[in-house]
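2 protein chains.
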Amino acid sequence: MGVTIKEVAKAAGVAPSTVSRVIADHPRISPATKKKVKKAMKEMGYHPNANARGLANRSTQSLGVVMPSSANKALQNPFFPEVLRGISAVAHQLDYSILLSTGEKDEEMLEGVERMVYANRVDGIILLYSQVNDPVLHFLLEKDFPFVVIGKPSERVDEITHVDNDNIRSGKNITNHLIDLGHENIAFIGGSTDLIVTIDRMRGYQLAIEEAGLPYLEEYRVHTEFLKSGGSQAVSELFNLPKPPTGLVIADDLMSIGVINMLEEFGMLVPEDVSIVSFNNVYLSEVTRPPLTTVDIHIYELGYQAAKCLIDKVKNKLEPAKRIIVPFTIELRQSAQSREKTLNE
Amino acid sequence: MGVTIKEVAKAAGVAPSTVSRVIADHPRISPATKKKVKKAMKEMGYHPNANARGLANRSTQSLGVVMPSSANKALQNPFFPEVLRGISAVAHQLDYSILLSTGEKDEEMLEGVERMVYANRVDGIILLYSQVNDPVLHFLLEKDFPFVVIGKPSERVDEITHVDNDNIRSGKNITNHLIDLGHENIAFIGGSTDLIVTIDRMRGYQLAIEEAGLPYLEEYRVHTEFLKSGGSQAVSELFNLPKPPTGLVIADDLMSIGVINMLEEFGMLVPEDVSIVSFNNVYLSEVTRPPLTTVDIHIYELGYQAAKCLIDKVKNKLEPAKRIIVPFTIELRQSAQSREKTLNE
DNA sequence: GTGAAAGCGCTAACAG
DNA sequence: CTGTTAGCGCTTTCAC
């Protein structure tokens, strides 16, 4: 095994506790011994043992990150690597490790989180999703374990630190963009209504539609699992309505790509026949054809802020619950065009 | 903090070591005490402390997973979540945790791995990529730390346990598919030649081309960073050649999607004007338009096998180096069609 | 400013 | 089969 603190101590001619103090950058230590010890550490290639440290001061310097269940294909959404990038950045900077947890089924996920918490493997946890009635959330709440969620918690919003976008407002804004382009029949396509993000974005859509005095129709709202076979049917039904939509608000870029391809199969072009706007601005949305008009939610920043909040919270149990709203911007690209143009073609 | 082994011992009226034995499922322990202890554990909500365990028996029950640097957009490739799924599956099953490491720059990545190793945070490491002259690989080799790579190591192939596909053969097969379809001018588009996977797939392409007596031309080989702006130019040059290709072998599905869109910009359709085949069979390749003819490399299985190998190796330092080749299959879809058809249209 | 000693929670001989 | 006794490597009072 590696060099231990004792060996360093002996080599430097001091006590182990002194070496420990040097590691911790203790104030009351003479520059001379400090230098001496540091030299010995370097020469011997000393590195503190995380386990021993953790055991001695009941902390782990690591953060748990919980991805959603991989049962659906949602995990393949580039959202996750991107948010991980943000988390990693601060973790690396502040010398934290990242423990990843996911699972095929919901039950497996809970098990994973329980293990992290019970075994004392992490100091805190970041939830990369938010859905109604989440057993993981309940568990964390019950154990009073430090955690933050990316997205808006489905309950106890004021007691749970979370980092989110204003999805209602962005939903409203992006829908308004379609309205400004002259569209009057605008449908909404989103994923599971168990996800808070879907709910919020649809709510924004609703607000814009109603404020503009346009019809907020049941038939205009489609909820389908990401790109599943059933999705194709749902979308086709939309276009068999007496008044098919000319504009689509879609809750996720990846879904948009799927929908665009479905539409093409039905012989409809985007944006010539139907305009599409969506959310996230993942990298793909820029290089797909047509490039997507989409809400940039600044995924990296979501991860970055969440990690910072969590570390604050971990270091100070009394840190109050915070809500951080990361601003969004709208990327205008080619998937949406004016209704006029649509008609003239 | 949580319940300790001592408290359980006292409650069950046995010694701590007995409790420890029960936890470890030690053979020589009477069913009676075993039951008694288990009952106490359950009642008190006991969970062993991972740190203390690790410290006492110098092991961590966790695996480090190293993703490539996030400097380029490669991280957004659905390959990674998918391979993580495979790793997670066995990790969960065998009660291992997953420590994730990545970094913006190469240097940061090395730092991350060093920390994992030096601080004794992981028992072994999985490298999710393989490139030439990788400092991380060198470090691991030098420290003689247990690790496996997914892909083919750039050096010391026989000494390093790795899980890979036969990328040369798959490259050859899929190129042959294009040849069988009657294509004679076939180009190759791949990412960085620092990546072994690119090299192998191109090599397969070369073999097929040469075996068929077709021209293996310098101008037919394009290496471009994934979907970068430069990529567009490189691709356009390809089609300004005196004999532009009618078939494209592309080293990665995501790249294919980018290329298809570029081509469309130039007014060329896939597969009508040019046929495309590629690799990985990520979920997107099935729902994109056209669906991609691609090599299914069984990503999940790669992760699954890698994790198993690593755990074997961790448990038994003497485990010999292995090479596991995960078989590939070819998914025939619509992005490639016969040269005849191409001409007739 | 530094050392001695106790202990974090668990495991692993060694006895018996 | 089970209890006793040492630690694993580090931190942290408490003295000096």
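Just so you know, the protein sequences line up as chains L and C, in that order.
Here full-length UniProt numbering is used: the first sequence runs in plain steps of one and ends on residue 345.
Here full-length UniProt numbering is used: the second sequence runs in plain steps of one and ends on residue 345.
For every residue, glycine included, the Cβ atom is placed at its ideal position computed from N, Cα and C.
Beta strand (DSSP E) containing residue i: first to last residue?
i: L/Ala187; result: Ile186 to Gly190
i: C/Ile168; result: That residue, C/Ile168, is in no beta strand (DSSP E); its alpha helix (DSSP H) goes Asn167 to Asp180.
i: L/Ser278; result: Ser275 to Asn280
i: C/Leu99; result: Ser97 to Ser101
i: L/Gly124; result: Gly124 to Leu127
i: C/Val163; result: His162 to Asp164
i: L/Arg221; result: Arg221 to His223
i: L/Phe147; result: Phe147 to Ile150
Establish whether the CB of residue i and some CB of chain L are separated by less than 7 Å.
i: C/Thr193; result: no
i: C/Thr102; result: yes
i: C/Asn316; result: no
i: C/Ser59; result: no
i: C/Pro81; result: yes
i: C/Ala50; result: yes
i: C/Arg85; result: yes
i: C/Lys64; result: Looking at the sequence shown, residue 64 of chain C is not Lys but Gly. Chain L contact via Cβ: absent.
i: C/Leu94; result: no
i: C/Leu75; result: yes
Report the residue from the options whose alpha carbon sits nearest the alpha carbon of residue i.
i: L/Leu75; options: C/Phe79, C/Ile98 and C/Asp312; result: C/Phe79
i: L/Glu210; options: L/Asp194, L/Leu195 and L/Asn185; result: L/Asn185
i: C/Thr198; options: C/Asn72, C/Lys73, C/Glu286 and C/Val222; result: C/Val222
i: L/Lys34; options: L/Met44, L/Ala12 and L/Tyr46; result: L/Ala12
i: C/Ser88; options: L/Ile87, L/Gln93, L/Ala50 and L/Ser101; result: L/Ser101
i: C/Glu107; options: C/Val122, C/Ile126 and C/Pro135; result: C/Pro135
i: L/Ile126; options: L/Gly303, L/Gly54 and L/Tyr216; result: L/Gly303
i: L/Lys123; options: L/Leu254, L/Gln233, L/Asp144 and L/Ser338; result: The identity of residue 123 of chain L in the sequence shown is Asp, whereas the question assumes Lys. It is L/Asp144 whose Cα lies nearest to the Cα of L/Asp123.
i: L/Val270; options: L/Thr193, L/Asn49 and L/Pro290; result: L/Pro290
i: C/Lys42; options: C/Thr4, C/Tyr216, C/Pro242 and C/Asp252; result: C/Thr4
i: C/Gln334; options: C/Lys38, C/Ser285 and C/Ile189; result: C/Ser285
i: L/Leu128; options: L/Ser69, L/Val90 and L/Leu94; result: L/Ser69
i: C/Val287; options: L/Ala56, L/Leu140 and L/Ser256; result: L/Ser256
i: C/Ala119; options: L/Ala71, L/Val148 and L/Pro48; result: L/Pro48
Can you find a CB in chain C that lies within less than 7 Å of the CB of residue i?
i: L/Ile98; result: yes
i: L/Ser278; result: no
i: L/Gly258; result: yes
i: L/Pro78; result: yes
i: L/Pro68; result: no
i: L/Leu332; result: no
i: L/His138; result: no
i: L/Leu55; result: yes
i: L/Ser88; result: yes
Can you give me the start and stop residues for the alpha helix (DSSP H) that residue i sits inside?
i: L/Leu110; result: Asp106 to Tyr118
i: L/Ile29; result: Premise fails: L/Ile29 is in no alpha helix (DSSP H) and is neither H nor E.
i: L/Val259; result: Asp253 to Glu265
i: C/Phe139; result: Pro135 to Lys143
i: L/Val8; result: Ile5 to Ala12
i: C/Arg53; result: Ala50 to Asn57
For residue i, which of helix, strand or coil comes out of DSSP?
i: C/Asp296; result: strand
i: C/Glu331; result: strand
i: C/Asp200; result: helix
i: C/Phe79; result: helix
i: C/Arg21; result: helix
i: C/Gly86; result: helix
i: residue 387 of chain L; result: The shown model of chain L, from 1 to 345, leaves out residue 387 of chain L, and the question about it has no answer.
i: C/Val66; result: strand
i: C/Gln61; result: coil
i: L/Gln233; result: helix
i: L/Gly45; result: coil
i: L/Gly213; result: coil
i: C/Arg323; result: strand
i: C/Gln337; result: coil
i: L/Leu207; result: helix
i: C/Leu238; result: helix
i: L/Gly247; result: strand
i: C/Leu195; result: strand
Chain C contacts made by the segment 142-167 of chain L, where a contact means CB separation under 9 Å: none
Within 8 Å of chain L by C-beta, residues of the segment 106-135 of chain C in sequence order: Glu108, Glu111, Gly112, Arg115, Met116, Tyr118, Ala119, Asn120 and Arg121
The segment 288-314 of chain L: positions lying closer than 8 Å to chain C by Cβ: Thr288 and Arg289
Against chain L: residues of the segment 171-195 of chain C by CB proximity under 9 Å: none
Within 9 Å of chain C by C-beta, residues of the segment 2-24 of chain L in sequence order: Against chain C - using a Cβ distance shorter than 9 Å - the residues of the segment 2-24 of chain L are Gly2.
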